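Participant: Please find one structure pasted underneath; my questions will follow.
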Amino acid sequence: MSRAEPQFDELYREVILDHYRRPRNAGSLEAPTHQAEGANPVCGDEIELDVAIDGNVICEMAFRGQGCSISQSSASMMTERVCGATVAEARRVMQLFEAQLVESAEPDPALGDLEALQGVAQFPVRVKCALLCWKVLHAALETNDNEATTPQGV
Amino acid sequence: MSIDTARLRGDFPILGREVNGHPLVYLDNAATTQKPRAVIDALTHYYENQNANIHRGIHALSIEATEAYEGVRAKAAGHIGATNPQDIVFTRNTTESINLVARAWGDANLGEGDEIVLSLMEHHSNIVPWQLLAARTGAVLRYAGIDAEGRLDLDSLRGLIGERTKLVSITHMSNVLGTINPIAEIAEMARPAGALLLVDGAQSAPHLPVDVTALGCDVFAFSAHKMLGPTGVGVLWARPGLLAEMEPFLGGGEMISIVKPEGSTWAEGPHKFEAGTPNIADVIAFGAALDYLQDLGMESVREHEKRITAYAIDALEGSGGITVHGPHDVEVRGGAVSFEVEGVHPHDISTIVDAYGVAIRAGHHCAQLLMRHLSVPATNRASFYIYNEEREVDALVAALDEAKRVFGYVESRTAV
Chain F
150 MSRAEPQFDE
160 LYREVILDHY
170 RRPRNAGSLE
180 APTHQAEGAN
190 PVCGDEIELD
200 VAIDGNVICE
210 MAFRGQGCSI
220 SQSSASMMTE
230 RVCGATVAEA
240 RRVMQLFEAQ
250 LVESAEPDPA
260 LGDLEALQGV
270 AQFPVRVKCA
280 LLCWKVLHAA
290 LETNDNEATT
300 PQGV
Chain Y
4 MSIDTARLRG
14 DFPILGREVN
24 GHPLVYLDNA
34 ATTQKPRAVI
44 DALTHYYENQ
54 NANIHRGIHA
64 LSIEATEAYE
74 GVRAKAAGHI
84 GATNPQDIVF
94 TRNTTESINL
104 VARAWGDANL
114 GEGDEIVLSL
124 MEHHSNIVPW
134 QLLAARTGAV
144 LRYAGIDAEG
154 RLDLDSLRGL
164 IGERTKLVSI
174 THMSNVLGTI
184 NPIAEIAEMA
194 RPAGALLLVD
204 GAQSAPHLPV
214 DVTALGCDVF
224 AFSAHKMLGP
234 TGVGVLWARP
244 GLLAEMEPFL
254 GGGEMISIVK
264 PEGSTWAEGP
274 HKFEAGTPNI
284 ADVIAFGAAL
294 DYLQDLGMES
304 VREHEKRITA
314 YAIDALEGSG
324 GITVHGPHDV
334 EVRGGAVSFE
344 VEGVHPHDIS
354 TIVDAYGVAI
364 RAGHHCAQLL
374 MRHLSVPATN
384 RASFYIYNEE
394 REVDALVAAL
404 DEAKRVFGYV
414 ESRTAV
């Protein structure tokens, strides 16, 4: 079984493994304006997210979590993509990302590195892993300043 | 007599199929087992020849169906060394059996400050019903610990059992670690305290010779689908006399003796706990599963599993980067083998080995207390049964090699 199944190269692209091994924006913020946490109870994947919003711009994000490579790399890539964006832009990227995974839509250039997760669409039971951090971001953005929330499993 | 897996596999139609272009390697038997042709045929035979409601019709079909259904009560009793089939109640599954005891016995016998002793290796089905009972009655839960090798800490357990202990509820075999608990020894601790001893036999009844009299427990619960039978059938055995002391669980038809406007009296024996039309077809097909196991002999089942479990532990740990949880001595453990692959999360493992047709379980295995104790979010679990062969362990190890290759070496991490 030395031969690699092509689907794994598609699912576990190098950029995903790199974010899994060296997560960007891991940790916490000193002064988050928005916070949320979430879990997939069946898997045990967990993400806690701090967001700092100034005006309508997301200026800082940090996350803590544990779970599979898909859930953790997705969170890392999300923070990279969304930091510096307006809240409206973050919501737009969220929709594009979900469309890529759930509707197998062609990746939109606006997704940047997040395009690497498109292979997950071929593994329906893993889609929830990739979406967890986005559900948490969605919940964080729904909160009033400094109010934490816990969305149910996705 | 040793099990001839090559011949026996022919009895299981599903084992002939392919998954993702590879022959199915089914190693998720602790979750549910596959079904032999005899069980599938028994279901069809019942619906094609005997279908009728039981215990009420005075016609031929009803009489035949009743005899078939009641006959399985005797077979289930025989499987666990119980003397009287009337001490066997059919439920939906182990979970319902335990909930039945929590309601029908627990509500009447526990009060404020009474104690329920469990262990950290229990399945959620042997934790949550007691948490609900504690919430209703004010009883308190105590959890016995486990040692570094994944064995129940008997000193910790002994220390927890005292005057206030009303119930000790312990798994016979861990669904995660494979650990077999010394029930007879635990019964010696529970008896002087006057505590009821319930044994969760979901993982032991399918894999070990069980004798409830020798174990000395008061209640024993297990599920048909984990031992070749259909889903939707559970078994509850209670020591002679205990069912009569218990209040009904669900009310309805079948469980009554006389119904009057002002109140009712209850049916005798197990019927008091089998309200409504039961799962007749699946109970009857479970009889075929019990016959199948008895023909093999539970001693032979146990020997086969000891052999393949020892082979699997050696093969997994010998392949590098893999740690097996739980005892390594197959004399004190069964065939549920949980393991970690260094740096690769169990869900990633499961996805990759599935592509090679290998079915294992990844997750918390309904044992979150144990996961917390082991300081892991989840584990991989391969679990074996009568039809598994060493070459299937080899297929698992080869698929794991591929997972290790895809991931390279990933330092185990938790984002901080």
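Each protein sequence line maps, in turn, to chains F and Y. Counting from 1, position 117 in the first sequence corresponds to residue 266 in the numbering used here; the numbering is continuous, with no gaps. Counting from 1, position 284 in the second sequence corresponds to residue 287 in the numbering used here; the numbering is continuous, with no gaps. Glycine included, C-beta positions come from ideal geometry on N, C-alpha and C. Note that the structure is a prediction, hence the values are computed from the model and not measured.
Classify Ala242 of chain F as helix, strand or coil using the three-state DSSP reduction.
Facilitator: The count along the first sequence starts at 1 and reaches residue 242 of chain F at position 93. For the record, residue 242 of chain F in the displayed sequence is Val; it is not Ala. Of the three classes helix, strand and coil, the one that applies to Val242 of chain F here is helix, per DSSP.
Participant: Using Cβ-Cβ distances below 7 Å, what residues of the region 193-218 of chain F are close to chain Y?
Facilitator: Gly193, Phe212, Arg213, Gly214, Gln215, Gly216, Cys217, Ser218
Participant: Under the assumption that Ala142 of chain Y contacts Ile119 of chain Y (Cβ atoms under 8 Å), give the Cβ distance between them as a whole number of angstroms.
Facilitator: Counted from its first residue, the second sequence places residue 142 of chain Y at position 139. Counted from its first residue, the second sequence places residue 119 of chain Y at position 116. Sure, about 6 Å apart at Cβ, within 8 Å.
Participant: Which chain Y residues sit within Cβ distance under 8 Å of Phe246 of chain F?
Facilitator: As a first step, residue 246 of chain F must be located in the first sequence, where it is residue number 97. The contacting residues do not exist; Phe246 of chain F stays about 20 Å from chain Y at best.
Participant: Is there a Cβ of chain F sitting closer than 9 Å to that of Ala358 of chain Y, yes or no?
Facilitator: For the purposes of this step, residue 358 of chain Y is identified with residue 355 of the second sequence, where counting begins at 1. Yes - at least one Cβ of chain F is within 9 Å of the one on Ala358 of chain Y.
Participant: Using 8 Å as the Cβ pair cut-off and three pairs as the minimum, do the region 269-287 of chain F and the region 190-201 of chain F touch?
Facilitator: yes
Participant: Just tell me which of Y:Gln297, Y:Ser260, Y:Asn184, Y:Gly338 has its CA closest to the CA of Gly148 of chain Y.
Facilitator: In the second sequence, the residue the question calls residue 148 of chain Y occupies position 145. Of the listed residues, the one whose Cα sits closest to Gly148 of chain Y is Y:Asn184.
Participant: For a quick check, are the C-beta atoms of Ala224 of chain Y and Leu239 of chain Y less than 9 Å apart?
Facilitator: For the purposes of this step, residue 224 of chain Y is taken as the residue at position 221 of the second sequence. For the purposes of this step, residue 239 of chain Y is taken as the residue at position 236 of the second sequence. A contact, by the Cβ cut-off of 9 Å.
Participant: Using only the alpha-carbon positions, how far apart do Phe157 of chain F and Lys407 of chain Y sit?
Facilitator: Locating residue 157 of chain F in the first sequence gives position 8, where the first residue counts as 1. Locating residue 407 of chain Y in the second sequence gives position 404, where the first residue counts as 1. C-alpha separation (whole angstroms): 12 Å.
Participant: Looking only at its own chain, which residues have a Cβ that is under 6 Å from the Cβ of Ala211 of chain F, when we skip the five neighbours before and after it?
Facilitator: Locating residue 211 of chain F in the first sequence gives position 62, where the first residue counts as 1. Taken in chain order, the residues that qualify are Asn174, Gly176, Ser177, Leu178, Asp199.
Participant: What residue from Y:Ala270, Y:Leu373, Y:Pro243 has the CA that sits closest to His328 of chain Y's CA?
Facilitator: Walking along the second sequence from the start, residue 328 of chain Y turns up at place 325. Closest by alpha carbon: Y:Leu373.
Participant: Taking just the CA atoms, how far does Ile325 of chain Y sit from Thr216 of chain Y?
Facilitator: The sequence position of residue 216 of chain Y within the second sequence is 213, counting from 1. The sequence position of residue 325 of chain Y within the second sequence is 322, counting from 1. Whole-angstrom Cα-Cα distance: 40 Å.
Participant: Take Pro39 of chain Y and list the residues in its own chain whose beta-carbon comes closer than 7 Å to its own, dropping the five residues that flank it on each side.
Facilitator: Here residue 39 of chain Y refers to the residue found at position 36 of the second sequence. Closer than 7 Å at Cβ, skipping near neighbours: Asp14, Phe15, Leu231, Tyr295.
Participant: Which runs of the beta strand (DSSP E) spanning at least 3 residues fall entirely within the region 265-308 of chain Y, listed in chain order?
Facilitator: Secondary structure within the region 265-308 of chain Y: the beta strand (DSSP E) runs of 3 or more consecutive residues, fully enclosed, are 266-269 (chain order).
Participant: What is the rounded straight-line gap between the Cα of His126 of chain Y and the Cα of Glu99 of chain Y?
Facilitator: Here the question's residue 126 of chain Y lines up with position 123 in the second sequence. Here the question's residue 99 of chain Y lines up with position 96 in the second sequence. C-alpha separation (whole angstroms): 13 Å.
Participant: Apply the 10 Å Cβ neighbour rule to Ile261 of chain Y and answer buried if 16 or more other Cβ atoms are within range, or exposed otherwise.
Facilitator: Your numbering for residue 261 of chain Y matches position 258 in the second sequence. With fewer than 16 Cβ atoms within 10 Å of its Cβ, Ile261 of chain Y is classed as exposed.
Participant: In angstroms, rounded to a whole number, what distance separates the CA positions of Gly153 of chain Y and Ala71 of chain Y?
Facilitator: For the purposes of this step, residue 153 of chain Y is taken as the residue at position 150 of the second sequence. For the purposes of this step, residue 71 of chain Y is taken as the residue at position 68 of the second sequence. Approximately 42 Å, taken between the alpha carbons.
Participant: Per DSSP, Trp240 of chain Y is paired with what?
Facilitator: As a position in the second sequence, residue 240 of chain Y is number 237, starting the count at 1. Partner(s): Y:Ile91, Y:Phe223.
Participant: Going by DSSP in three states, Thr382 of chain Y sits in which element: helix, strand or coil?
Facilitator: Mapped onto the second sequence, residue 382 of chain Y falls at position 379. Correct three-state label for Thr382 of chain Y: strand.
Participant: Quick check: what's the CA-CA separation for Ala180 of chain F versus Cys217 of chain F?
Facilitator: For the purposes of this step, residue 180 of chain F is identified with residue 31 of the first sequence, where counting begins at 1. For the purposes of this step, residue 217 of chain F is identified with residue 68 of the first sequence, where counting begins at 1. Answer to the nearest angstrom: the Cα atoms are 28 Å apart.
Participant: Can you find the residues in the same chain that come closer than 8 Å, C-beta to C-beta, to Ala418 of chain Y, ignoring five residues on each side of it along the sequence?
Facilitator: Taking the second sequence and counting its residues from 1, one reaches residue 418 of chain Y at position 415. Residue confidence for Ala418 of chain Y is low, a pLDDT of 40 falling below 50, so the modelled location carries little weight and cannot support an answer.
Participant: Hey, how far is the Cα of Ala190 of chain Y from the Cα of Leu218 of chain Y?
Facilitator: For this step, residue 190 of chain Y is matched to residue 187 along the second sequence. For this step, residue 218 of chain Y is matched to residue 215 along the second sequence. Approximately 7 Å, taken between the alpha carbons.
Participant: Grab me the residues of Ala187 of chain Y's own chain with a C-beta within less than 7 Å of its C-beta, minus the 5 sequence neighbours each way, in chain order.
Facilitator: Here residue 187 of chain Y refers to the residue found at position 184 when the second sequence is read from its first residue. The residues are Ala217, Leu218, Gly219.
Participant: Jot down the residue ranges of each uninterrupted alpha helix (DSSP H) in the region 32-82 of chain Y, minimum 4 residues, whole runs only, in chain order.
Facilitator: 40-48, 63-82
Participant: For Glu115 of chain Y, which residues in the same chain have their Cβ closer than 6 Å to its Cβ, ignoring the five residues on either side in sequence?
Facilitator: Here residue 115 of chain Y refers to the residue found at position 112 when the second sequence is read from its first residue. Result list for Glu115 of chain Y: Gly141, in chain order.
Participant: Can you list, in chain order, the residues of its chain with a C-beta nearer than 6 Å to that of Ala315 of chain Y? Leave out the 5 residues immediately preceding and following it.
Facilitator: Walking along the second sequence from the start, residue 315 of chain Y turns up at place 312. So the qualifying residues of the chain are Val340, Val396.
Participant: Buried or exposed for Ser415 of chain Y, going by 16 or more other Cβ atoms inside 10 Å?
Facilitator: As a working mapping, residue 415 of chain Y is identified with position 412 in the second sequence. Residue confidence is low: Ser415 of chain Y scores 42 on pLDDT, short of 50, so the model does not pin down where it sits. No coordinate-derived value is stated.
Participant: Kindly say whether Arg275 of chain F, judged by its beta-carbon, lies nearer than 9 Å to any beta-carbon of chain Y.
Facilitator: As a first step, residue 275 of chain F must be located in the first sequence, where it is residue number 126. Yes, its Cβ sits closer than 9 Å to a Cβ of chain Y.
Participant: The region 47-64 of chain Y: which residues have C-beta closer than 7 Å to a C-beta of chain F, in chain order?
Facilitator: none
Participant: Please report the straight-line C-alpha distance between Pro330 of chain Y and Ala313 of chain Y, rounded to a whole angstrom.
Facilitator: By one-based count along the second sequence, residue 330 of chain Y stands at place 327. By one-based count along the second sequence, residue 313 of chain Y stands at place 310. For Pro330 of chain Y and Ala313 of chain Y, the distance between alpha carbons rounds to 11 Å.
Participant: Given that a residue counts as buried once 16 or more other Cβ atoms are within 10 Å of its Cβ, and exposed if not, what is Ala237 of chain F?
Facilitator: For the purposes of this step, residue 237 of chain F is taken as residue 88 along the first sequence, with counting starting at 1. Its Cβ having fewer than 16 others within 10 Å, Ala237 of chain F is exposed.
Participant: Return yes when the Cβ of Val400 of chain Y is within less than 9 Å of the Cβ of Ser322 of chain Y, no when it is not.
Facilitator: The sequence position of residue 322 of chain Y within the second sequence is 319, counting from 1. The sequence position of residue 400 of chain Y within the second sequence is 397, counting from 1. Cβ atoms of Ser322 of chain Y and Val400 of chain Y: closer than 9 Å.
Participant: Nearest chain Y C-beta to Val372 of chain F closer than 9 Å, yes or no?
Facilitator: Lying outside 150 to 303, the shown extent of chain F, residue 372 of chain F is not represented and no answer is given.
Participant: With DSSP as the reference, please indicate the residues paired to Lys263 of chain Y in a beta bridge.
Facilitator: The residue labelled residue 263 of chain Y in the question sits at position 260 within the second sequence. For Lys263 of chain Y, the beta-bridge partners assigned by DSSP are Y:Gly266.
Participant: How many Å lie between Arg167 of chain Y and Ala138 of chain Y at the Cα?
Facilitator: The residue labelled residue 167 of chain Y in the question sits at position 164 within the second sequence. The residue labelled residue 138 of chain Y in the question sits at position 135 within the second sequence. Computed Cα separation, rounded: 17 Å.
Participant: Taking only three categories from DSSP, how would you classify Ser253 of chain F?
Facilitator: To locate residue 253 of chain F, count along the first sequence from 1; it is residue 104. Ser253 of chain F falls in the coil class under three-state DSSP.
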